[in-house]
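J.:
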Amino acid sequence: MLGDEMPWFLPALVIGLFAWIWMSSIERYAERKGTPAWKYVVVAVRWLPPIQLAVMILYRFKAIYARDMSHLEIAKHLGPGTPSSSDFKLMFTGDGGIEIIMLIVLLFAVLSEHLPSISSARLDLRQNFRNRLMMFTASFALASTTLFFPEQAYSEPAAFPTGPIGPVPEWMSFTPIILIGGLLMFGGELFAVTTLFLAGPNFQKLASRARLKVLLLSVGALVYLTTVIDFDADWLDQLHEQSMMLPLVLSIHLGICFATVLQPAVRSDAELNHGEGRSLSMMVLAVVMALIVLLLTLLHVNQLTVFGDGLGPHTYAIWMSSVAISSMMLVQFMPALGFDAAPRPEIWWMKMTLLYAPIIMSMFTPYAVLLIPAIWVVLPLSSVASWFIEKDVVSPSYSFVLYPLLAATLAASVLPFGWDIPFLAALWVGWIPGAIAAIGLTLHVRTQSKSTGKNL
1 MLGDEMPWFL PALVIGLFAW IWMSSIERYA ERKGTPAWKY VVVAVRWLPP
51 IQLAVMILYR FKAIYARDMS HLEIAKHLGP GTPSSSDFKL MFTGDGGIEI
101 IMLIVLLFAV LSEHLPSISS ARLDLRQNFR NRLMMFTASF ALASTTLFFP
151 EQAYSEPAAF PTGPIGPVPE WMSFTPIILI GGLLMFGGEL FAVTTLFLAG
201 PNFQKLASRA RLKVLLLSVG ALVYLTTVID FDADWLDQLH EQSMMLPLVL
251 SIHLGICFAT VLQPAVRSDA ELNHGEGRSL SMMVLAVVMA LIVLLLTLLH
301 VNQLTVFGDG LGPHTYAIWM SSVAISSMML VQFMPALGFD AAPRPEIWWM
351 KMTLLYAPII MSMFTPYAVL LIPAIWVVLP LSSVASWFIE KDVVSPSYSF
401 VLYPLLAATL AASVLPFGWD IPFLAALWVG WIPGAIAAIG LTLHVRTQSK
451 STGKNL
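Counting in the numbering used here, the sequence shown runs from 1 upward without gaps.
#1: The alpha helix (DSSP H) spanning Q52 covers which residue range?
#2: How about K213 and F174: are their beta carbons less than 8 Å apart?
#3: So G188 and L133 are supposed to be a Cβ contact under 8 Å. How far apart are they, rounded?
#4: Give me the Cβ distance between V301 and P313, rounded to the nearest whole Å; I'm assuming they're in contact under 8 Å.
#5: Which of the three DSSP states, helix, strand or coil, is assigned to L190?
#6: Is the segment 247-261 touching the segment 289-309, taking contact as three or more C-beta pairs under 8 Å?
#7: Whose CA, out of R446, Q448, Y154, F400, lies closest to the CA of P433?
#8: Does the Cβ-Cβ distance between L441 and P404 come in under 8 Å?
#9: Let me know the secondary structure DSSP gives P422 once reduced to three states.
#10: What is the DSSP secondary structure of V394, counted as helix, strand or coil?
#11: Using a threshold of 8 Å, state whether the C-beta atoms of S281 and S386 are closer than that.
#12: Cβ atoms of I118 and F108: under 8 Å apart, would you say?
#13: DSSP three-state call for R211: helix, strand or coil?
#14: So is F92 in contact with chain B if we call contact Cβ pairs under 8 Å?
#15: Distance, Cα to Cα, R446 vs I15?
#16: Since I believe E346 is in contact with P335 (beta carbons under 8 Å), could you give me their beta-carbon distance rounded to a whole number of angstroms?
#17: What are the boundary residues of the alpha helix (DSSP H) that includes S399?
#18: Are the beta-carbon atoms belonging to V378 and M289 less than 8 Å from one another?
#19: From what residue to what residue does the alpha helix (DSSP H) around H314 run?
#20: For the putative contact between I389 and V287, defined by C-beta atoms under 8 Å, what is the C-beta separation to the nearest angstrom?
#21: Closest to Q303 by CA distance: which of E113, K450, L424, V105 is it?
#22: Output the distance between the C-alpha atoms of E5 and E73, rounded to the nearest integer angstrom.
#23: Under a three-way DSSP split, which group does N128 fall into?
#24: Flag this pair as yes or no: are the beta carbons of R67 and P80 separated by less than 8 Å?
#25: When the Cα atoms are used, what is the spatial distance from P155 to T305?
#26: Does DSSP put W8 in a helix, in a strand, or in coil?
#27: Might you give, ordered along the chain, the residues of its own chain that have their beta carbon closer than 6 Å to the beta carbon of L48, omitting 5 neighbours on each side?
#28: Could you tell me which whole beta strand (DSSP E) segments of length 3 or greater appear in the segment 89-144?
#29: CB H78 to CB P169, shorter than 8 Å?
#30: Excluding the 5 residues flanking L350 on each side, which residues of the same chain have their C-beta closer than 8 Å to its C-beta?
#31: Here's the rule I'm using: 16 or more other beta-carbon atoms within 10 Å means buried, otherwise exposed. How should A233 be labelled?
#32: Could you give the first and the last residue of the continuous alpha helix (DSSP H) run that contains D230?
#33: In angstroms with no decimal places, state the Cα-to-Cα distance between G255 and S279.
#34: When DSSP labels each residue in this structure, what does M1 get in the three-state scheme?
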């Protein structure tokens, strides 16, 4: 198998994905050097992961065509014999499915500067957009490496079944992979637009389309999760046993947060003034966010039986919440270190830290997904707090923005616990506070801009 013949191949893929995260820095360094050799280095770094995925797919195609019994999935589902066209269904429903989708996602990221909706933007902005999309894609792929590219899919096991032990998986098993791919592509677009604070209106058309696509895909993904999960069994075990379920939930999390909170907040935050009362706003926001994250995570973890009836669930919930909250506080040093290219960099880093907390922590514990319900209801508060606490801005309507947001936050926090699976219910209703905050602030900023004669 590939991992046995070329044991360096998968580590090289990981290194290539790491390089994607620092693609902007690599390009700037190559420009300073200005030599042909460095130009080739940039091209090689940019195209290495897609080429490696293409090699992996071709290798798997060859193995299925030859019915290579050194591959466990071929021994399990096909067995020895003459190849037929129906065998290639395994390319999509087996281990090759995620390889094909990830190749499409990587190619989308590499070629994203040529998207028609941003064709009129300056070249440097389009290149920055591409590099941010590559960063987003690579970071998620790295966090999910063990799920996307498990060792048993590339290394020959010690024992094989004597014959096929089950049919080729049905096409339904390819559904979550397609949803993950779509959410990564369009969620990555939102990430790139959100992080390009100084790009002006060039990417707003793309952002509007990407938000719609992400929301539609998220609804489809939630319908899929609701359909496949057995409500009478342990839902978290099902999430772990089906390898694509966990990255699907995490990709929904990223997509929803960017679509309903972070990307809309970029424009509203830019309309804030100098911040008379900013310190008070930050302190109140940090305390409220910390308390909600701690309380809601504890309640969701307490629904599980795996930790027992004693202090187990409380200890685990406090540990996960403390990691997320502590990280949120530590990143307040980032603006002082120069990472301040945002309208409100302190709030921006709080949002981004909370957003990525489940992604990073899922590399160490699958229970990190239980942070998501709390994060979904506190992120909208981070968008509106400054507007209501700071004194040098005109606050939005209490009856149109604040009261509906607080009511939706309370409902999204409490109502899921009346359902069979509170976590799944929280995913269905948790996006509502973000949508209320985004719509309310957008209309408020637009009204203020018209009253002052400012074009938004």
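Virtual Cβ for every residue (Gly too), placed ideally from N, Cα, C.
T.: Reading it off the structure:
#1: Along the sequence shown, read from residue 1 onward, the residue named residue 52 stands at position 52. 36-66 is the span of the alpha helix (DSSP H), which, as asked, contains Q52.
#2: For the purposes of this step, residue 213 is taken as the residue at position 213 of the sequence shown. For the purposes of this step, residue 174 is taken as the residue at position 174 of the sequence shown. No, the pair does not count as a contact, with Cβ atoms beyond the cut-off.
#3: Counting from 1 along the sequence shown, the entry for residue 188 is found at position 188. Counting from 1 along the sequence shown, the entry for residue 133 is found at position 133. Right, their Cβ atoms sit about 5 Å apart.
#4: By one-based count along the sequence shown, residue 301 stands at place 301. By one-based count along the sequence shown, residue 313 stands at place 313. Correct: roughly 5 Å between the Cβ atoms.
#5: The count along the sequence shown starts at 1 and reaches residue 190 at position 190. Three-state result, L190: helix.
#6: no
#7: Translated into the one-based positions of the sequence shown, residue 433 becomes position 433. Among R446, Q448, Y154, F400, the Cα nearest to that of P433 is on F400.
#8: In the sequence shown, the residue the question calls residue 441 occupies position 441. In the sequence shown, the residue the question calls residue 404 occupies position 404. Not closer than 8 Å, so no.
#9: Residue mapping note: residue 422 aligns to position 422 of the sequence shown, counting from 1. Looking at P422 - three-state DSSP - the assignment turns out to be helix.
#10: By one-based count along the sequence shown, residue 394 stands at place 394. Of the three classes helix, strand and coil, the one that applies to V394 here is coil, per DSSP.
#11: Locating residue 281 in the sequence shown gives position 281, counting from the first residue. Locating residue 386 in the sequence shown gives position 386, counting from the first residue. Yes, these two residues count as a Cβ contact at 8 Å.
#12: Start at 1 with the first residue of the sequence shown, and residue 108 comes out as number 108. Start at 1 with the first residue of the sequence shown, and residue 118 comes out as number 118. No, Cβ-Cβ distance for F108 and I118 is not below 8 Å.
#13: The count along the sequence shown starts at 1 and reaches residue 211 at position 211. Here R211 sits in helix by DSSP.
#14: Protein chain content of the structure displayed is limited to a single chain, and chain B is not contained in it.
#15: Working through the sequence shown from its first residue, we reach residue 446 at position 446. Working through the sequence shown from its first residue, we reach residue 15 at position 15. Cα-Cα distance, rounded: 45 Å.
#16: Counting from 1 along the sequence shown, the entry for residue 335 is found at position 335. Counting from 1 along the sequence shown, the entry for residue 346 is found at position 346. Between E346 and P335 the Cβ distance is about 6 Å, and since that is below 8 Å, they are a contact.
#17: For the purposes of this step, residue 399 is taken as the residue at position 399 of the sequence shown. No alpha helix (DSSP H) contains S399, which DSSP labels as neither H nor E.
#18: Your numbering for residue 378 matches position 378 in the sequence shown. Your numbering for residue 289 matches position 289 in the sequence shown. Yes, the pair counts as a contact, with Cβ atoms nearer than the cut-off.
#19: Here residue 314 refers to the residue found at position 314 when the sequence shown is read from its first residue. Residues 312-330.
#20: Against the sequence shown, residue 389 aligns to sequence position 389. Against the sequence shown, residue 287 aligns to sequence position 287. Incorrect: roughly 12 Å between the Cβ atoms, too far for contact.
#21: In the sequence shown, the residue the question calls residue 303 occupies position 303. The candidate whose alpha carbon is nearest that of Q303 is L424.
#22: Translated into positions along the sequence shown, residue 5 becomes position 5. Translated into positions along the sequence shown, residue 73 becomes position 73. C-alpha separation (whole angstroms): 18 Å.
#23: The sequence position of residue 128 within the sequence shown is 128, counting from 1. Helix at N128.
#24: One-based indexing of the sequence shown puts residue 67 at position 67. One-based indexing of the sequence shown puts residue 80 at position 80. Yes, the pair counts as a contact, with Cβ atoms nearer than the cut-off.
#25: As a working note, residue 155 is residue 155 in the sequence shown. As a working note, residue 305 is residue 305 in the sequence shown. The amino acid occupying residue 155 in the given sequence is Ser; Pro does not appear at that position. Spanning the two alpha carbons is a distance of roughly 35 Å.
#26: Start at 1 with the first residue of the sequence shown, and residue 8 comes out as number 8. Three-state result, W8: coil.
#27: In the sequence shown, counting from the first residue as 1, residue 48 sits at position 48. These residues qualify, in order along the chain: G16.
#28: none
#29: Reading the sequence shown from its first residue, position 78 is the one you call residue 78. Reading the sequence shown from its first residue, position 169 is the one you call residue 169. At residue 78 the sequence reads Leu, which differs from the His that was named. Not closer than 8 Å, so no.
#30: Sequence index remark: in the sequence shown, residue 350 carries index 350 (1-based). The question names Leu, yet the displayed sequence has Met at residue 350. The residues are L285, A286, M289, M328, V331, Q332, S382.
#31: Taking the sequence shown and counting its residues from 1, the one referred to as residue 233 is at position 233. The residue in question, A233, is exposed, as its Cβ has fewer than 16 Cβ neighbours within 10 Å.
#32: As a first step, residue 230 is located in the sequence shown; it is residue number 230 there, counting from the start. Premise fails: D230 is in no alpha helix (DSSP H) and is neither H nor E.
#33: What you label residue 255 is simply residue 255 of the sequence shown in a count that begins at 1. What you label residue 279 is simply residue 279 of the sequence shown in a count that begins at 1. The alpha-carbon atoms of G255 and S279 are separated by roughly 30 Å.
#34: As a position in the sequence shown, residue 1 is number 1, starting the count at 1. M1 falls in the coil class under three-state DSSP.
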